[in-house]
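To convert a position in the sequence shown, counted from 1, into the working numbering, add 9. We put the CB at the ideal spot given by N, CA and C, even for glycine.
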Amino acid sequence: MKLHNYFRSSASFRVRIALELKGLRYEYVPVHIARGDHQKEAYAALSADTLVPLLEVDGEKLSQSMAIIEYLDEKHPTPALLPADALGRAKVRALAQSIACEIHPINNLRVLKYLVRELKVDEEAKNAWYRHWCREGLEAFERQLAQLPPSTYCYGETPTLADCCLVPQIFNAKRFNVNLEGLSRTMAAFDASMALPAFQKAQPSACPDNEP
C-alpha cells in the first residue's frame, strides 16, 4: 500500500491512525499541499480530486479519508473500528462525521487560504474564524458524548472511527489556540487515545515530512 498524504493534514492523520491501529505496513508518500504539490500534474494524474489522502492498494486508488478507513476496516476487520451492532455503528459514524463533515470542511487549508488571498481577511480574523467554528463544533461533539454511557474512548473501551477523527482535530485546535476548557469527555477520549502507540506513531511529529 502507498499512502499519499501530508503530515499536517488531519484527513491524512486519520488514515495513518487507522493503519497503525491495524498494524498495516504502507509506503509513506509525502504531498506538500501547503506548497501546492497536490495541484501539480504528476499528482493530479493520480488523484481526481487533487486532495490528500490517497491510498493506492491492490491496483486501485482510493480517496476520502472516511471511505479509506471503512475500506480498511472491512478488509482487515481486526481490531474493528466500528461496533458490531447497527446502532453502535450509527453512533460512531455520527461522532466521526460531526468532525469530518461539520468542523473540518470550513476550517481546512484551502478555505483558510481563500479567506486570506481572495477575501483579504487578515491573519487575526482568519484565526478567529478557525477558533469560532472549531469550538462550536467541539461543543456539539461534547454534547453528543454526554448522551452516551461513560467510556474510555469516544465510544466504548477500544478506539473507533470517532477517535481517528477526534485526535487530528484536537491537534489542529491546539495549533490555533482554540479554547478546550469544559470539554471533559472529549479531552478524556483524546488523552486515552494519545496514550496508545498507534496514535503516537501516526502523529505529525513522527512523519518523515514533518516541519516545525
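Query: Straight-line gap, ALA215 to LEU104 (C-alpha atoms, nearest Å); Result: 26 Å
Query: Where the alpha helix (DSSP H) through ASN14 begins and ends; Result: It is not in any alpha helix (DSSP H) - ASN14 instead sits in the beta strand (DSSP E) that spans 11-14.
Query: Identified DSSP bridge partners for PRO39; Result: ASN14
Query: Coil, strand or helix - LEU63 by DSSP; Result: strand
Query: 7 Å Cβ shell around PHE199 - same chain, five flanking residues per side excluded; Result: LEU175, VAL176 and ILE179
Query: C-beta contact flag for TYR37 and ASP46 at 8 Å; Result: no
Query: Where LEU124 falls: helix, strand or coil (DSSP); Result: helix
Query: Supposed close pair THR195, LEU91 - CB separation, criterion 8 Å; Result: Actually they are not in contact, since the Cβ atoms of THR195 and LEU91 sit about 20 Å apart, beyond 8 Å.
Query: Of the listed residues LEU81, GLU29 and THR59, nearest to ASP67 (C-alpha basis); Result: LEU81
Query: Buried versus exposed, by CB contacts within 10 Å (16 or more), TYR123; Result: exposed
Query: Exposure label - GLU166; buried when at least 16 CB within 10 Å; Result: exposed
Query: N-terminal and C-terminal residue of the alpha helix (DSSP H) that GLU29 is part of; Result: 19-30
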